[in-house]
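Enquirer: Numbers 0 to 82, taken from numbering that gives the first Met the number 0, label the letters of the sequence shown in order. Glycine included, each C-beta is placed from N, C-alpha and C at the ideal position.
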Amino acid sequence: MSGGGGGQEHEPRLVAVREASIRLGQLLKLADLVDAGSDAKALLAEGDVRVNGEVETRRGRQLVRGDVVTVDLPAGPNSVQVD
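1. Starting from residue 63, follow its DSSP beta bridges and name the residues at the other end.
2. Indicate whether the contact test is met: 3 or more Cβ pairs, each with one atom in the region 22-36 and one in the region 68-77, closer than 8 Å.
3. Taking C-beta to C-beta, are residue 54 and residue 68 nearer than 7 Å?
4. Would the beta-carbon of residue 60 fall within 7 Å of that of residue 23?
5. Assign residue 63 to buried or exposed, taking buried as 16 or more other Cβ atoms, counted over all protein chains shown, within 10 Å of its Cβ.
6. In terms of residues, what are the limits of the alpha helix (DSSP H) holding residue 36?
7. Taking buried to mean at least 16 other C-beta atoms within 10 Å of its own C-beta, is residue 82 buried or exposed?
8. Consult DSSP for residue 82 and reduce its assignment to one of helix, strand or coil.
In structure tokens form, the structure reads like this:
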């Protein structure tokens, strides 16, 4: 089992939110993809965050159920879906 399947897509991890929507920066923290808001800001500024496949740079972007957020981390891409 050697991970890293090239262009292989993995199912995003579901992240439950209590409200009808959540801001992108909040979701990144809730999903443990970043430790602090400043980390989220840096990832967004570098273009390392995609929402539904499109690069997103706004930490305040409102996300709703079904939105998929992918973050390019040093360990590889990590995807979560708002649930």
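Expert: Walking through what the data contain:
1. 20
2. Between the region 22-36 and the region 68-77, the count of Cβ pairs shorter than 8 Å is three or higher; the stretches touch.
3. no
4. yes
5. Counting Cβ neighbours within 10 Å, residue 63 comes out exposed, since fewer than 16 surround it.
6. 36-44
7. exposed
8. coil
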